[in-house]
Amino acid sequence: MVIQKILQILSVGLVLVTNSWNYAQSPVPAVHGVRNDLPQPYETQRTWGELPDGTASWAAVTAVEPSLDGRFIYVIHRCFENSCEGRIETPILKFDYEGNLLDSFGAGLFIFPHGATVDYEGNLWVTDAQGNGEIGHQVFKFSPEGDILLTLGQKGIGGSGTDLLHSPNDIVVDPNDGDIFVAESHRRGLNNRIVHFASDGTYINEWGGKGSGPGELSEPHTIAMDSQGRLFVGDRENNRIQIFTQDGEFIDEWRQFGRPSGIFITPEDMIYVADSESGPDTGANELRGIMKGIRVGSAVDGTVLAFIEDMEPLRDDHSGAEGVGVDANGNVYGAVVRRRMLERHVLK
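Note that this note's numbering numbers the sequence shown so that position 2 is 34, with each residue one more than the last.
As structure tokens, then:
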């Protein structure tokens, strides 16, 4: 298991494995600040992935999602620029584990492709965090072959309520019943909410609202689910992760993972949190001087075990990895928007 390998590298004993991942006990989140001085058991590769013919470099890469069967890795990018508006390129690239490009799709559907997830049936979901009146403000469900199976929101129309979305950031799907949870909005979008849909797209409920109190949100930029069905929301402007039940009941908040732009949780409940924005003058006072990068820990109790430092960890702009994904071999992928690259981090 990947978790055992990480713990071995970090020289953590079997007692921690037994206790931290024992669901018979109620998890008690670790309470501590964000740290830079954590073990870094990964080496970074920046040349992974075959680009399409005629393409010299990556565009703004926004999400990386491995399929659960260990066969494919989907990379979401903005059409070799930072927007797909008016462009003909396909923003969804499908690779095998060796980085060979197998397929691409999604042309003409997106303006600002953003978050993504692969569900328990192998389908890919992708959000569009902008709109222009003609396209955008939607979430698409694709088959592994690129066929559209379901669409949430109305094409090009941003809004609130039960049938509209506004700049949806990210999405996660419950493997037990197929229920869908969408986090929105991007930047200064209309909504700051989590929207709950049934598997067929029927609206169920929502929660959140602009603010910094428990259960309130300010740019929920990412969302993930652990093995217990708890929802982990990257409440980025508030520099925290909030944890909810699927009914929207607030459970806890964690601040030890930095300023969360992306969250990925493995079936073993390892949590990977991408902080793309921290820096000397970025974020709230408690995060100034915190390095950008990907922090790795336990989704059970919030213990932070390792840190994948960004190549420019104290650069004072939004230059780090925003999206994060982990494949079946434990390799960590960082989707870097500002510097337009895809990073692959391999356990040493």
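The beta-carbon is built from N, C-alpha and C at its ideal position, and this holds for glycine as well.
(request) Kindly give me the distance between the Cβ atoms of W127 and L133, rounded to whole angstroms, as I take these residues to be in contact under 8 Å. (result) Looking at the sequence shown, residue 127 is not Trp but Phe. F127 to L133, Cβ: 6 Å. Contact.
(request) Pick out whichever of G210, E341, G131 and H169 has its Cα sitting closest to the Cα of L156. (result) Among G210, E341, G131 and H169, the Cα nearest to that of L156 belongs to G210.
(request) Helix, strand or coil for N237, going by three-state DSSP, please let me know. (result) Note: N237 maps to strand in three-state DSSP.
(message) Three Cβ pairs or more, each shorter than 8 Å: is that satisfied between the stretch 85-105 and the stretch 320-336?
(response) no
(message) For a quick check, are the C-beta atoms of V305 and G321 less than 8 Å apart?
(response) no
(request) Run through the stretch 170-211 for me and flag every whole beta strand (DSSP E) of 3 or more residues, listed as ranges in chain order. (result) 171-174, 180-184 and 200-205
(message) Buried or exposed for K173, going by 16 or more other Cβ atoms inside 10 Å?
(response) buried
(request) Within the same chain, show all residues whose beta-carbon is closer than 6 Å to that of G165, passing over the 5 residues directly before and after it, in chain order. (result) Excluding sequence neighbours, G165 sits near G188.
(message) Buried or exposed, going by whether 16 or more other CB atoms sit within 10 Å of the CB of I297?
(response) buried
(request) Determine the DSSP secondary structure at R67, reduced to helix, strand or coil. (result) coil
(request) Measure the Cβ-Cβ separation of H169 and G178 and say whether it is below 8 Å. (result) No; because the gap between Cβ atoms is not below 8 Å, this pair is not in contact.
(message) Based on DSSP bridge pairs, tell me the residues matched to I326.
(response) A306 and I340
(request) Assign L181 to one of two classes, buried (16 or more other C-beta atoms within 10 Å of its C-beta) or exposed (fewer than that). (result) exposed
(request) Report back the beta-carbon spacing between V158 and Y365 to the nearest angstrom; my notes put them in contact at under 8 Å. (result) That belief does not hold up - the Cβ atoms of V158 and Y365 are roughly 16 Å apart, past 8 Å.
(request) Leaving aside the five residues before and after T94 along the sequence, list all residues of the same chain whose C-beta is less than 7 Å from its C-beta, in chain order. (result) I108, H109, R110, P145, H146, E354, G355, A367 and V369
(request) Just mark G294 as buried or exposed, buried being the case when its beta carbon has 16 or more other beta carbons within 10 Å. (result) Taking all protein chains in view, the Cβ of G294 is crowded by 16 or more other Cβ atoms within 10 Å, so the residue is classified as buried.
(request) Can you grab the Cα-Cα spacing for the pair Y55 / D333, in whole Å? (result) Because Y55 carries a pLDDT of 34, less than 50, the predicted location of this residue cannot be relied on, and no value is offered for it.
(request) Identify, in the order they occur along the chain, each residue of the same chain with its Cβ nearer than 7 Å to the Cβ of D301, setting aside the five sequence neighbours on each side. (result) W53, D258, S259, S330, A331 and V332
(request) Measure the Cβ-Cβ separation of G138 and T149 and say whether it is below 8 Å. (result) no
(message) Here's a check: name, in chain order, each residue in its chain whose Cβ is nearer than 8 Å to the Cβ of S250, leaving out the five neighbours to either side.
(response) N224, K242, G243, S244, D267, R268, E269 and N270
(message) Once DSSP output is grouped into helix, strand and coil, what is the label at R225?
(response) strand
(request) Return yes when the Cβ of D206 is within less than 8 Å of the Cβ of G261, no when it is not. (result) yes
(request) Grab me the residues of R287's own chain with a C-beta within less than 6 Å of its C-beta, minus the 5 sequence neighbours each way, in chain order. (result) R272
(request) Consult DSSP for R376 and reduce its assignment to one of helix, strand or coil. (result) strand
(request) Report the option in P292, S199 and F264 whose CA atom is closest to the CA atom of I283. (result) The option with the nearest alpha carbon to I283 is F264.
(request) List the whole-angstrom C-beta distance separating E216 from S199, where the pair is believed to meet the contact cut-off of C-beta under 8 Å. (result) Confirmed, Cβ separation roughly 6 Å.
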